[in-house]
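Presented below is the structure to which this report refers.
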Amino acid sequence: MNLDFTQKERAFREDVQQFLRNHVPADTQRKLVEGRYVSKEEMVTWWRILNKKGWGVSNWPKEYGGTGWTPVQHYIFKEELEMYPAPVPLAFGVSMVGPVIYTFGTEAQRSYYLPRIANVDDWWCQGFSEPGSGSDLASLKTKAERKGDKWIINGQKTWTTFAQYADMIFCLCRSEPAAKKQAGISFILVDLQSKGITVRPIQTIDGGHEINEVFFDDVEVPFENLVGQENKGWLYAKFLLGNERTGIARVGVSKERIRRIKALASRIESGGRPLIRDPAFREKLAACEIELKALELTQLRVIADERRYGEGRPNPASSVLKLKGSEIQQTTTEILMEVIGPFAAPYDEHPYKLREAMDWTAQIAPSYFNNRKLSIYGGSNEIQRNIIAKAVLGL
Numbered sequence: 047m048n049l050d051f052t053q054k055e056r057a058f059r060e061d062v063q064q065f066l067r068n069h070v071p072a073d074t075q076r077k078l079v080e081g082r083y084v085s086k087e088e089m090v091t092w093w094r095i096l097n098k099k100g101w102g103v104s105n106w107p108k109e110y111g112g113t114g115w116t117p118v119q120h121y122i123f124k125e126e127l128e129m130y131p132a133p134v135p136l137a138f139g140v141s142m143v144g145p146v147i148y149t150f151g152t153e154a155q156r157s158y159y160l161p162r163i164a165n166v167d168d169w170w171c172q173g174f175s176e177p178g179s180g181s182d183l184a185s186l187k188t189k190a191e192r193k194g195d196k197w198i199i200n201g202q203k204t205w206t207t208f209a210q211y212a213d214m215i216f217c218l219c220r221s222e223p224a225a226k227k228q229a230g231i232s233f234i235l236v237d238l239q240s241k242g243i244t245v246r247p248i249q250t251i252d253g254g255h256e257i258n259e260v261f262f263d264d265v266e267v268p269f270e271n272l273v274g275q276e277n278k279g280w281l282y283a284k285f286l287l288g289n290e291r292t293g294i295a296r297v298g299v300s301k302e303r304i305r306r307i308k309a310l311a312s313r314i315e316s317g318g319r320p321l322i323r324d325p326a327f328r329e330k331l332a333a334c335e336i337e338l339k340a341l342e343l344t345q346l347r348v349i350a351d352e353r354r355y356g357e358g359r360p361n362p363a364s365s366v367l368k369l370k371g372s373e374i375q376q377t378t379t380e381i382l383m384e385v386i387g388p389f390a391a392p393y394d395e396h397p398y399k400l401r402e403a404m405d406w407t408a409q410i411a412p413s414y415f416n417n418r419k420l421s422i423y424g425g426s427n428e429i430q431r432n433i434i435a436k437a438v439l440g441l
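Residue numbers (the numbering used here): 47 to 441.
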């Protein structure tokens with residue numbers, strides 16, 4: 047397999063880079079470089095700039111607003127967004143529920159929801175995990191009971207990212223209690239403004255608020271909000287999770303973080319010389335870069351192999367990307383903590399030549415703690431190893 051980019055692909059990368067330089071708001075980029083939270087308004091502003099360019103839902107088929115790019119162009123585009131950095135389009139709408147709707151939904155659902163997802167008129171969140179049903183997602187207990195032309199939903203979802211911003215939530219609900227746990231589950235779209243829904247914040251260890259609990263108490267949802275067939279939601283969930291796990295690789299994020307590590311390690315001294323010249327540190331950083339290059343090549347192989355997998359059949363190698371991608375992201379945050387040392391403390395008053403940078407280096411510790419979650423969400427890494435053993439290695 048030839049892993050070199052063509053002249054056309056290299057020119058495409060340059061076009062993407064030029065667009066980002068000209069259009070990404072400077073404050074938004076600065077916050078991402080410094081590991082700060084970007085506001086909802088800042089994210090939506092940028093995503094609508096992308097959508098106006100025609101790149102908001104680049105991965106969708108052209109008939110639904112996509113670009114018609116090749117898989118390699120999609121890879122380049124996402125990598126450049128992550129490396130610039132700029133906010134990647136809201137995954138819950140663009141990469142998760144959007145493809146489920148245009149693949150399995152009705153024409154009415156496509157006509158209504160897809161344009162709204164593209165322009166972020168609806169902010170979506172994901173209603174999968176529950177207390178006691180995280181890695182064993184099929185054991186979920188949130189119940190959807192059909193009454194006439196409505197669903198009545200009762201239950202609880204947890205770890206719901208950005209539910210405080212969201213207008214809509216896509217939920218897995220048990221619609222046939224007597225069926226075995228992988229069966230009897232339906233995929234339902236729910237308006238978060240519906241009566242009977244309560245969203246409660248969960249504060250994370252870094253002091254932020256990005257995840258929530260969502261409670262459903264006799265919530266009425268129109269029956270037509272069912273996606274696909276009743277009791278076939280597990281099929282659609284597997285399709286969705288395959289897309290999510292590929293995205294979690296985030297090669298561009300790790301590349302940008304390594305660039306940042308090198309820049310900081312060149313300025314901070316250890317033993318009377320820049321840390322970047324310390325042999326033990328260089329060995330650790332080189333090992334991480336080698337792992338990242340292997341991940342990048344694996345992702346390119348998955349891209350090259352996409353034609354083997356039809357709609358609704360995620361490539362099982364996406365589990366490899368999720369597993370190694372999350373581990374590498376955690377490693378890069380660990381190395382950043384090692385580089386900054388005492389400067390990671392939020393209120394450190396140590397007089398040093400990097401004192402002027404203290405305001406943003408203080409974000410490194412929260413980022414380190416927050417990234418512990420990467421090996422859990424999207425299907426824990428232990429579960430990914432089981433998938434790899436069965437589907438990829440044939441064990």
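Each residue gets a CB set at the ideal place from its N, CA and C atoms; glycine is no exception. A quick note: this is a predicted structure, and the numbers were derived from the prediction, not measured.
In this structure Ser-240 does not touch Leu-272 by the C-beta definition: roughly 15 angstroms separates them, more than the 8 angstroms allowed. The three-state secondary structure of Asn-200, taken from DSSP, is strand. Leaving aside the five residues that flank Met-383 on each side, the residues in its chain whose CB is nearer than 8 angstroms to its CB run, in chain order, Ala-390, Ile-410, Ala-411, Tyr-414.
Within its own chain, the residues whose Cβ lies closer than 7 angstroms to the Cβ of Thr-250, once the five positions on either side in sequence are excluded, are Glu-256, Ile-257, Asn-416, listed in chain order. For Leu-369 and Gly-194, the gap between their C-alpha atoms comes out near 43 angstroms.
At a Cβ-Cβ threshold of 7 angstroms, Leu-235 and Phe-216 count as neighbours. Distance from the Cα of Lys-226 is smallest, within the candidate group Val-366, Ala-184, Glu-109, for Ala-184. In this structure, Ser-365 lies away from Ser-421, with their beta-carbon atoms at least 7 angstroms apart. Around the beta carbon of Glu-60, fewer than 16 other beta carbons sit within 10 angstroms, so the residue counts as exposed. Counting along the chain, no beta strand (DSSP E) covers Ser-141, and no H or E run does either. Following the DSSP letters along the chain, one finds Trp-170 inside the beta strand (DSSP E) bounded by residues 170 to 173. Each of Arg-192, Lys-196, Gln-202 was checked against the Cα of Leu-186, and the nearest Cα belongs to Gln-202. Gly-111 is a Cβ neighbour of Ala-164, given a cutoff of 7 angstroms. Judged by DSSP secondary structure, Ala-57 falls within the alpha helix (DSSP H) whose first and last residues are 53 to 69. Three or more Cβ pairs closer than 8 angstroms define a contact, and the region 71 to 88 falls short of that threshold against the region 96 to 111.
The criterion of a C-beta distance shorter than 7 angstroms is satisfied by Leu-310 and Val-385. Relative to the Cα of Trp-280, the nearest Cα in the group Gln-228, Pro-268, Lys-308, Leu-287 belongs to Gln-228. Proximity to Ala-154 across Gly-274, Thr-377, Ala-132 peaks at Gly-274, based on C-alpha coordinates. Under the 10 Å beta carbon count, Thr-152 is surrounded by fewer than 16 other beta carbons and is classified as exposed. Close CB contacts of Leu-96 within its chain, under the 6 angstroms cut and outside five residues either way in sequence, are with Gly-102 (chain order). In the displayed model, Glu-176 falls within a strand according to three-state DSSP. DSSP places Ile-322 within a helical segment (H, G or I) once states are collapsed to three. With 16 or more other Cβ atoms inside 10 Å of its own Cβ, Thr-188 counts as buried. Within the model, the alpha-carbon separation for Trp-205 versus Thr-149 is close to 26 angstroms.
Taking all protein chains in view, the Cβ of Gln-345 is crowded by 16 or more other Cβ atoms within 10 Å, so the residue is classified as buried. The beta-carbon separation of Met-129 and Gly-254, rounded to 23 angstroms, does not stay under the 8 angstroms limit for a contact.
Within the DSSP bridge table, the entry for Val-297 names no partner.
In its chain, beyond the 5 residues on either side, Ile-198, Asn-200, Gly-242 have a beta carbon closer than 7 angstroms to the beta carbon of Asp-264.
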